[in-house]
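Engineer: The structure follows.
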Amino acid sequence: MTAVHLGMPTLPTAPRGVGHLRGTRSFPDEARDSLRNGQLRANLGHATTTIRGKRAGVVAELPDWEQLRQAGAALKRATMARLDDHLEELERQVTARGGTVHWARDANEANEIVVRLAREAGAREVVKVKSMATQEIGLNEALEAAGIDAFETDLAELIVQLGEDKPSHILVPAIHKNRSEVREIFARTMPDVDPDLTDDPRQLAMAARAHLRERFLRATFAVSGANFAVAETGTLSVVESEGNGRMCLTLPDTLVTVMGIEKLVPTWRDLEVFLQLLPRSSTGERMNPYTSTWAGVTPGDGPQDFHLVLLDNGRTAVLADEVGREALNCIRCSACLNVCPVYERAGGHAYGSVYPGPIGAILSPQLTGVEDNASLPYASSLCGACYDVCPVAIDIPSILVHLRAEHVEAQTHPTAESTAFAALARVMSRPRLWRAAQRAAGLGRFLSRGKPVLPRLPGPAAGWTRSRDLPTPPAETFQQWWAKENGGGRS
Amino acid sequence: MKVAVFATCLVDTLTPQVGIATVRLLQRLGHEVVVPPGQSCCGQMHVNTGYRRDAVSIVANHVRAFAGSDVIVSPSGSCVASIHHQQAQVARRAGDTALAEAAQELAGRTYELSQFLVDVLGVTDVGASYPHRVTYHPTCHSLRLLRVGDRPLQLLRAVRGLDLVELPGAEQCCGFGGTFAVKNAETSTAMLTDKMAAVLSTHAEVCTAGDASCLLHIGGGLTRLTSGTRTVHLAEILASTDGARTATQVTQPAVLA
Numbered sequence: 007m008t009a010v011h012l013g014m015p016t017l018p019t020a021p022r023g024v025g026h027l028r029g030t031r032s033f034p035d036e037a038r039d040s041l042r043n044g045q046l047r048a049n050l051g052h053a054t055t056t057i058r059g060k061r062a063g064v065v066a067e068l069p070d071w072e073q074l075r076q077a078g079a080a081l082k083r084a085t086m087a088r089l090d091d092h093l094e095e096l097e098r099q100v101t102a103r104g105g106t107v108h109w110a111r112d113a114n115e116a117n118e119i120v121v122r123l124a125r126e127a128g129a130r131e132v133v134k135v136k137s138m139a140t141q142e143i144g145l146n147e148a149l150e151a152a153g154i155d156a157f158e159t160d161l162a163e164l165i166v167q168l169g170e171d172k173p174s175h176i177l178v179p180a181i182h183k184n185r186s187e188v189r190e191i192f193a194r195t196m197p198d199v200d201p202d203l204t205d206d207p208r209q210l211a212m213a214a215r216a217h218l219r220e221r222f223l224r225a226t227f228a229v230s231g232a233n234f235a236v237a238e239t240g241t242l243s244v245v246e247s248e249g250n251g252r253m254c255l256t257l258p259d260t261l262v263t264v265m266g267i268e269k270l271v272p273t274w275r276d277l278e279v280f281l282q283l284l285p286r287s288s289t290g291e292r293m294n295p296y297t298s299t300w301a302g303v304t305p306g307d308g309p310q311d312f313h314l315v316l317l318d319n320g321r322t323a324v325l326a327d328e329v330g331r332e333a334l335n336c337i338r339c340s341a342c343l344n345v346c347p348v349y350e351r352a353g354g355h356a357y358g359s360v361y362p363g364p365i366g367a368i369l370s371p372q373l374t375g376v377e378d379n380a381s382l383p384y385a386s387s388l389c390g391a392c393y394d395v396c397p398v399a400i401d402i403p404s405i406l407v408h409l410r411a412e413h414v415e416a417q418t419h420p421t422a423e424s425t426a427f428a429a430l431a432r433v434m435s436r437p438r439l440w441r442a443a444q445r446a447a448g449l450g451r452f453l454s455r456g457k458p459v460l461p462r463l464p465g466p467a468a469g470w471t472r473s474r475d476l477p478t479p480p481a482e483t484f485q486q487w488w489a490k491e492n493g494g495g496r497s
Numbered sequence: 045m046k047v048a049v050f051a052t053c054l055v056d057t058l059t060p061q062v063g064i065a066t067v068r069l070l071q072r073l074g075h076e077v078v079v080p081p082g083q084s085c086c087g088q089m090h091v092n093t094g095y096r097r098d099a100v101s102i103v104a105n106h107v108r109a110f111a112g113s114d115v116i117v118s119p120s121g122s123c124v125a126s127i128h129h130q131q132a133q134v135a136r137r138a139g140d141t142a143l144a145e146a147a148q149e150l151a152g153r154t155y156e157l158s159q160f161l162v163d164v165l166g167v168t169d170v171g172a173s174y175p176h177r178v179t180y181h182p183t184c185h186s187l188r189l190l191r192v193g194d195r196p197l198q199l200l201r202a203v204r205g206l207d208l209v210e211l212p213g214a215e216q217c218c219g220f221g222g223t224f225a226v227k228n229a230e231t232s233t234a235m236l237t238d239k240m241a242a243v244l245s246t247h248a249e250v251c252t253a254g255d256a257s258c259l260l261h262i263g264g265g266l267t268r269l270t271s272g273t274r275t276v277h278l279a280e281i282l283a284s285t286d287g288a289r290t291a292t293q294v295t296q297p298a299v300l301a
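Chains as they are written, first to last, in my numbering: chain A, 7 to 497; chain B, 45 to 301.
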């Protein structure tokens with residue numbers, strides 16, 4: 007990393023041992039299992055195909071979509087260039103409106119702040135609006151360790167929590183479950199559920215509603231994330247589809263919002279762009295049903311105690327990487343997940359982080375340091391579908407390639423692969439050696455004993471020949487043919 | 045026009061018939077073809093696997109090999125995309141500004157085959173004849189990095205006797221992805237399986253594309269399944285005439301109900 011070359015101290019990454027940014031196994035190992043789960047494959051294939059179609063439909067309606075997208079990208083770039091100034095402005099504005107701002111260097115600090123606030127408020131349970139940031143830092147576990155129950159109120163998060171499962175999608179955390187599986191979870195875990203509950207979506211929604219309503223009404227303490235924070239007005243914003251977020255944001259006495267520092271936009275007007283980009287890209291809707299905005303505390307209306315926790319947890323380190331920093335522009339729409347052929351097949355759990363899919367493959371390794379998530383940058387065929395749908399035009403494939411290089415360059419000892427690639431580079435940059443190597447490769451045809459394809463190969467090539475044939479190398483390369491045709495080959 | 049062909053390392057070594065077809069096609073269209081002998085690889089495999097430092101010398105060799113060429117044509121969307129989007133960047137990151145500028149300049153003279161035919165030469169009917177049922181897979185880098193759009197389809201529609209059938213889910217990746225196919229072999233295979241299912245559902249005899257690498261992947265899967273559908277590069281189809289067929293193109297059209 008550039009910072010190291012300049013002799014500057016390396017910026018801290020997200021700490022180990024807390025939160026959900028690291029898996030226990032590599033992506034290929036996780037995928038090996040999930041690819042064999044036929045139910046998962048069917049659920050994901052169905053869900054992503056549906057959302058893909060919806061998104062494509064509503065995006066096509068806007069003649070200025072590309073301009074909007076470029077505007078979103080430009081706003082994000084400009085914001086990141088002066089993020090420190092904007093954050094201080096946000097702090098001033100939130101404070102001026104009666105809120106309290108806390109700065110959390112990492113997951114541990116953020117968890118400590120929220121637990122302390124809950125204790126001070128005397129809360130034994132908290133209701134939660136769906137929030138990626140609190141999943142990232144493992145807040146529920148921290149609250150549980152402090153004897154405080156956390157209730158997820160987003161329908162999909164509720165399904166995941168009741169099923170003692172993990173979220174597998176940014177927008178639809180339970181995308182890997184179909185409705186009959188959801189019915190089974192509700193029937194098993196909801197105390198007062200109707201025993202005749204069917205898998206009719208309306209019945210399931212009504213069961214969740216009854217289950218949650220009781221919790222909303224007795225809750226005194228809520229924790230939310232934020233989609234946006236407007237620096238100039240100190241406004242926080244959450245966009246959602248269900249209204250459960252609105253309940254959390256308005257009913258309890260105390261509201262704590264945990265927000266990654268990159269979620270900020272400088273001005274109120276900037277929301278104009280993002281509130282058009284986000285719903286069309288995420289749920290495939292023209293406008294999301296609920297957009298809540300609040301600034302500080304309003305006497306007699308809503309929570310009377312408001313805290314904003316600004317979370318770094320590796321983000322400053324990401325910001326320091328000239329290529330990788332674009333990942334911070336993400337507005338968590340999950341369009342890249344829905345179009346990704348790798349995500350669609352391997353599923354979200356294979357990424358081992360709360361941020362799955364293409365954006366997760368560039369965000370998680372940067373937040374943790376690439377060596378802690380070294381397999382993720384390779385979990386892509388670089389097909390580029392993610393870039394095409396990204397509403398803020400993040401060049402995900404280029405960042406994946408960049409992170410692969412960061413991983414390779416972080417190795418202190420040569421590996422078998424690096425030795426092979428270095429040797430190949432030497433050969434490929436010297437035409438005479440290259441032609442000799444090609445002749446050697448041509449000898450591979452003796453392996454096939456006259457058959458058109460090679461036998462299954464050992465070593466790294468086995469990954470290829472387990473499921474695909476390799477043609478027997480031809481007796482003559484293209485350049486040999488050309489040389490023969492043109493008497494000596496000089497043109 | 046004097047046209048230099050960049051075969052790509054893969055075509056040169058494993059599928060020379062694609063390079064030969066490219067030469068034959070351009071010659072048939074009345075152009076003088078040269079094959080600069082110093083050529084090897086564009087460096088994409090190194091860059092995309094994380095070896096961007098090692099790639100610098102490969103880029104330098106490529107720039108040297110084609111320094112004297114006015115127009116370079118290559119039968120690969122992926123390699124041309126790497127020349128356009130990666131080579132200069134790799135050189136610049138390594139601090140070699142002169143190489144970066146030379147690579148940038150070379151990229152401006154380098155065309156993918158279908159773009160060269162349609163945009164530069166302005167032809168869609170290249171006089172080819174290929175009496176087969178064919179489906180076209182738009183490879184990811186042709187589609188999303190080079191934006192070749194429907195140029196290959198325009199060319200295929202003008203081929204005599206060719207029965208072009210639409211490939212369902214055409215824009216989905218086949219799962220090749222260079223070293224992805226080895227490092228994430230199982231996910232790659234899952235993607236390939238769905239691509240093969242789509243190809244086979246068309247009952248095409250031939251699946252074509254503008255990249256020999258993706259075709260190696262799809263074709264390797266199809267022969268492993270002992271499928272009757274084979275992969276043929278776009279250049280080979282466009283090079284085919286009634287009088288001249290290469291050895292891989294001798295089958296007669298299947299009779300379909």
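All C-beta atoms in this analysis are idealised placements derived from N, C-alpha and C, irrespective of residue type, glycine included.
Could you tell me whether the Cβ of G495/A comes closer than 8 Å to any Cβ of chain B?
Structural biologist: Note that G495/A scores a pLDDT of 45, beneath 50, so its modelled location is shaky; the value from the coordinates is reported in the next line. At least one chain B Cβ lies under 8 Å of G495/A.
Engineer: Would you decide whether W440/A is buried or exposed? Buried here means 16 or more other CB atoms lie within 10 Å of its CB.
Structural biologist: W440/A comes out buried.
Engineer: Check distances from the C-beta atoms of the stretch 215 to 229 of chain B to those of chain A and list, in chain order, the residues that come in under 9 Å.
Structural biologist: The residues in question are E215, Q216, C217, C218, G219, F220, G221, G222, T223, F224, A225, V226, K227, N228, A229.
Engineer: Between the stretch 159 to 174 of chain A and chain B, which residues of the former have CB atoms less than 8 Å from a CB of the latter, in chain order?
Structural biologist: Residues passing the 8 Å Cβ filter: none.
Engineer: Mind reading off the beta-carbon distance from T140/A to L168/A? Whole number of angstroms is fine, and I expect it under 8 Å.
Structural biologist: About 18 Å; that fails the 8 Å criterion.
Engineer: Given a cut-off of 8 Å, decide if R472/A and R47/A are closer than it, judged by their beta-carbon atoms.
Structural biologist: Their beta carbons are not under 8 Å apart, which means R47/A does not touch R472/A by this criterion.
Engineer: So is D452/A buried or exposed if we call it buried at 16+ other beta carbons inside 10 Å?
Structural biologist: It is worth fixing the name first, because residue 452/A is Phe in this sequence and not Asp. The residue in question, F452/A, is exposed, as its Cβ has fewer than 16 Cβ neighbours within 10 Å.
Engineer: Does chain B have any CB closer than 8 Å to the CB of W71/A?
Structural biologist: No, because no Cβ of chain B sits closer than 8 Å to the Cβ of W71/A.
Engineer: How is K500/A classed by DSSP in three states: helix, strand or coil?
Structural biologist: The structure shown has nothing for residue 500/A, since chain A only spans 7 to 497.
Engineer: Run through DSSP, which three-state label would L161/B get?
Structural biologist: L161/B falls in the helix class under three-state DSSP.
Engineer: Listed in chain order, which residues of the stretch 362 to 390 of chain A have Cβ atoms closer than 9 Å to some Cβ of chain B?
Structural biologist: Hits within the stretch, in order: S381, P383, Y384, A385, S386, S387, L388, C389, G390.
Engineer: Between which two residues does the alpha helix (DSSP H) carrying Y82/A extend?
Structural biologist: For the record, residue 82/A in the displayed sequence is Lys; it is not Tyr. First-last of the alpha helix (DSSP H) with K82/A: 71 to 87.
Engineer: Of the residues that make up the stretch 77 to 90 of chain B, which ones have a beta carbon closer than 9 Å to any beta carbon in chain D?
Structural biologist: The chain inventory of the structure shown lacks chain D, comprising the protein chains A and B.
Engineer: Comparing the C-beta of M45/B with each C-beta of chain A, is any distance below 8 Å?
Structural biologist: Not closer than 8 Å to any Cβ of chain A, the Cβ of M45/B fails to qualify, so no.
Engineer: Could you name the residues of the same chain whose beta carbon sits closer than 6 Å to that of A323/A, not counting the 5 residues immediately before and after it, in chain order?
Structural biologist: Only L17, T19 meet the Cβ criterion.
Engineer: Any beta-carbon of chain B closer than 8 Å to the one on H413/A?
Structural biologist: H413/A counts as touching chain B.
Engineer: Can you list, in chain order, the residues of its chain with a C-beta nearer than 6 Å to that of V203/B? Leave out the 5 residues immediately preceding and following it.
Structural biologist: Only A172, Y174 meet the Cβ criterion.
Engineer: Taking the C-alpha atoms as reference points, what is the distance between Y95/B and S370/A?
Structural biologist: One C-alpha to the other measures close to 21 Å.
Engineer: Contact criterion: CB-CB distance below 8 Å. Does V178/B meet it with respect to chain A?
Structural biologist: Closer than 8 Å: no.
Engineer: In or out: M212/A buried (at least 16 other Cβ within 10 Å) or exposed?
Structural biologist: Counting Cβ neighbours within 10 Å, M212/A comes out exposed, since fewer than 16 surround it.
Engineer: Applying a beta-carbon distance threshold of less than 8 Å, which residues of chain B neighbour V65/A?
Structural biologist: Within 8 Å Cβ-Cβ: nothing; V65/A doesn't reach chain B, min ~15 Å.
Engineer: Excluding the five sequence neighbours on either side, which residues of its own chain have a C-beta within less than 7 Å of the C-beta of Q71/B, listed in chain order?
Structural biologist: Answer for Q71/B: V77, listed in chain order.
Engineer: Against chain A, does C53/B count as a neighbour if the rule is that its beta carbon must be under 8 Å from one of theirs?
Structural biologist: Output row for C53/B: interface = yes.
Engineer: Do you know whose CA, among P420/A, L343/A, T106/A, G104/A, lies nearest G390/A's CA?
Structural biologist: Out of P420/A, L343/A, T106/A, G104/A, L343/A has the C-alpha closest to the C-alpha of G390/A.
Engineer: At least one CB of chain B closer than 8 Å to the CB of W488/A: is that the case?
Structural biologist: Output row for W488/A: interface = yes.
Engineer: Look up C336/A in the DSSP assignment and say whether it is helix, strand or coil.
Structural biologist: Here C336/A sits in coil by DSSP.
Engineer: Do you know offhand how far V24/A's Cα is from V245/A's?
Structural biologist: Using only the alpha carbons, I get a separation of about 27 Å.
Engineer: Find the residues of chain A that neighbour G265/B, judging by a C-beta separation of less than 7 Å, and give them in chain order.
Structural biologist: Per Cβ cutoff of 7 Å: S473, R474.
Engineer: So the candidates are L58/B, C218/B, R274/B, G82/B; which of them puts its Cα closest to the Cα of G448/A?
Structural biologist: Closest option to G448/A, Cα to Cα, is L58/B.
Engineer: Quick check: is the beta carbon of G469/A nearer than 8 Å to any beta carbon in chain B?
Structural biologist: Cβ-Cβ to chain B under 8 Å: yes for G469/A.
Engineer: Where DSSP assigns a beta bridge to T275/B, which residues make up the other side?
Structural biologist: DSSP lists C251/B as partners of T275/B.
Engineer: Ordered along the chain, which non-local residues of its own chain (more than five positions away) have a Cβ less than 7 Å from that of H92/A?
Structural biologist: Same-chain partners within the cutoff: T85, A237, L270, P272.
Engineer: With a threshold of 8 Å between beta-carbons, can D91/A be considered close to chain B, or not?
Structural biologist: Not an interface residue.
Engineer: Apart from the five residues on each side of it in sequence, which residues of its chain come closer than 8 Å, Cβ to Cβ, to V67/B?
Structural biologist: Contacts found: V49, V77, V79.
Engineer: Just the C-alpha distance for G205/B and G272/B, rounded to the nearest angstrom, thanks.
Structural biologist: In a straight line, the C-alpha of G205/B is about 20 Å away from that of G272/B.
Engineer: With a threshold of 16 other CB atoms inside 10 Å of the CB of A367/A, please say whether the residue is buried or exposed.
Structural biologist: Answer is buried; the Cβ neighbour count reaches 16.
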